[in-house]
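Contents: one structure, followed by commentary.
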Amino acid sequence: MKKKDTLFIEFMLCEDQRKAQKIIHECSHKDLVAALIDMNGNYRDISKSAKKLLGYEDHEILKDSMFTMTHRSDKSELFRAFSIAMNKGAMFRFTQRLRCFNGQYLPVVTHMKKVESSENDDVVFCLMVRA
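183 is the number that our numbering gives to position 96 of the sequence shown; each next residue is one higher, with no gaps.
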């Protein structure tokens, strides 16, 4: 299992969807989830560690949206971060609460940045770490 620091460095250096998916599929840390999200907030790919951190199987979470899983009090910050990542290409870091499978909310620090997509559409690469 890769250490959190190694995964974070790989996240920071990642510039395209192919590399992001490689990181996502290698991510198994219990306190960290990596995901690709499309411009509508839908999860396009997510690490298996979502089961450990949030209680969801990866196929369950792929049916959902980051916008619907985020606590209503945190949505304005999520929309702001998403807009900055999509429009300016800058990495953005913020704290949000995500709904777990059991209905409880877990605070996570989310790092978000835009990556080049192989399908010519915009995707955001996220790294979510237990706060």
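Note that beta-carbon positions come from the ideal geometry of N, C-alpha and C, so glycine has one too. Computed from a predicted model, the values in this text were never measured in an experiment.
Simplified DSSP state of residue i, which is helix, strand or coil
| i | result |
| --- | --- |
| L94 | helix |
| N174 | helix |
| N144 | It should be noted that the sequence gives Glu, not Asn, for residue 144. Three-state DSSP puts E144 in coil, outside helix and strand. |
| F188 | coil |
| L165 | helix |
Residue i to residue j span [Cα, whole Å]
| i | j | result |
| --- | --- | --- |
| A218 | F181 | 10 Å |
| E164 | K106 | 27 Å |
| F188 | K139 | 11 Å |
| L94 | D161 | 25 Å |
| K200 | G142 | 25 Å |
| Q108 | D145 | 14 Å |
| S152 | M126 | 11 Å |
Pair within 8 Å by beta-carbon distance, residue i and residue j
| i | j | result |
| --- | --- | --- |
| H116 | S136 | yes |
| G128 | F98 | no |
| L100 | V216 | no |
6 Å Cβ shell around residue i - same chain, five flanking residues per side excluded
| i | result |
| --- | --- |
| I148 | Y130, I133, A137 |
| D92 | none |
| R184 | H158, D161, Y192, P194 |
| F179 | A168, I171, A172, M199 |
Same chain, Cβ closer than 7 Å to residue i, five either side skipped, listed in chain order
| i | result |
| --- | --- |
| E203 | E102, D103, Q104 |
| E156 | Note that residue 156 is Met in the sequence shown here, rather than Glu. Once the five neighbours on either side are set aside, the close Cβ partners of M156 are L185, R186. |
Beta-carbon proximity list for residue i, same chain, < 8 Å, skipping 5 on both sides
| i | result |
| --- | --- |
| S205 | D103, Q104, R105 |
| L123 | Q104, A107, Q108, I111, Y130, R131, D132, I133, V202, V210, V211, F212, C213 |
| A177 | I171, K200 |
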